[in-house]
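Data block below; observations after.
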Amino acid sequence: QSLPGGFVYLRDIDPSIIQDIRYATSNNFVGRPLRGYGAGECVVKREVGMRLKAVQQELSGQNLSLKMFDCYRPARASLDMVAWSQNGRETAAERRYNPKISKTELFRLGYIASRSQHSTGAALDLTLVDLKADNSAKYDSSKAYADCTAPVEARAPEGSVDMGTGYDCTDVKGHTAAPSIAPGQRAWRKRLVAAMSRQGFVNYSKEWWHFSLPGAGGAAYDFPIQPRKR
Ligand SMILES: C[C@@H](N)C(=O)N[C@H](C)C(=O)O
Ligand SMILES: [Zn+2]
């Protein structure tokens, strides 16, 4: 199954990496699947995939795994985010992700890009899973969870280690070096950044979950993500 521009399905390179591609689901800040996400598959440039495999190999010796939240993002999905931010409504479910900031401000403040590096296949949103922990709690759309800055027991479950906030938490607490998090949460962030940086990935200071591989990108693409054929 060939993809344009040197893109590959991460599952073809390393099926052990856990994937929860949130923009292909309703469990994200928009509350519905984004345009262009026809399947919950992580698609990346081959070089990015090979380096993720190397990170995963190192982590597996520590009973840890990567968990991918977003990889290649079709350009139309970023435009969908722009339209969402300007739709004049803010629901309680949306406010869980941006409790202190209006959604109209998210682009200006650098939390979302209208032309994202994700569309080049060189940027990733991801976290760590402790394979020895009980990760069985599942997200339930009918529950009223606390916002993404609340203690982990009160937030929507994500089946991953406690990084101090949930994924896509647009708040200063989500900044990688936020002083307001607990030492254990800081230690997890440092462990993720260290493992990723050993393979050349660079973290974005405003989002503990966002990494990119310098030089791996190039042009932005807009092909839709389709189911992977075996
Ligand atoms: C929206 C968030 N997951 C993200 O990836 N933000 C960066 C800045 C982006 O949109 O490229
Ligand atoms: Zn990102």
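Mapping of the sequence shown onto the working numbering: residues 19 to 248, in sequence order.
Idealized CB from N, CA, C, for every residue including glycine.
Less than 8 Å between the CB atoms is what I'm expecting for residue i and residue j, so what's the real figure, rounded?
i    : j    : result
F25  : V61  : 5 Å
A72  : Q217 : 5 Å
A234 : K63  : 5 Å
Helix, strand or coil, according to DSSP, for residue i in the structure here?
i    : result
Y157 : coil
A141 : strand
L70  : helix
I243 : strand
E225 : strand
S230 : strand
Q135 : helix
Y115 : coil
V48  : coil
V62  : strand
V147 : strand
Ligand 3 and residue i: does the residue's C-beta get closer than 7 Å to at least one heavy atom of that ligand?
i   : result
Y90 : Among the ligands present in this structure, namely ligand 1 and ligand 2, ligand 3 is not found.
Going by the CB atoms, is the gap between residue j and residue i shorter than 8 Å?
i    : j    : result
S230 : Q74  : no
T145 : M181 : yes
N221 : D148 : no
S215 : T194 : no
S34  : S83  : yes
L70  : L124 : no
How many angstroms separate the CA atom of residue i from the CA atom of residue j?
i    : j    : result
D30  : G67  : 9 Å
E176 : Y157 : 7 Å
A111 : R94  : 23 Å
D143 : W227 : 5 Å
N46  : G79  : 31 Å
A172 : A164 : 5 Å
R50  : Q104 : 16 Å
G2   : T138 : Nothing in the structure corresponds to residue 2, since the chain is present only between 19 and 248.
K150 : F241 : 37 Å
L52  : W102 : 10 Å
R91  : Y55  : 8 Å
S154 : A200 : 24 Å
P169 : T183 : 8 Å
Q37  : K85  : 5 Å
R207 : N116 : 20 Å
S185 : K118 : The sequence given here has Tyr at residue 185, not Ser. Those two C-alpha atoms are separated by around 16 Å.
R114 : V179 : 19 Å
A42  : G128 : 22 Å
L21  : S198 : 42 Å
L97  : R133 : 8 Å
K121 : A237 : 28 Å
E76  : D32  : 13 Å
T167 : V190 : 9 Å
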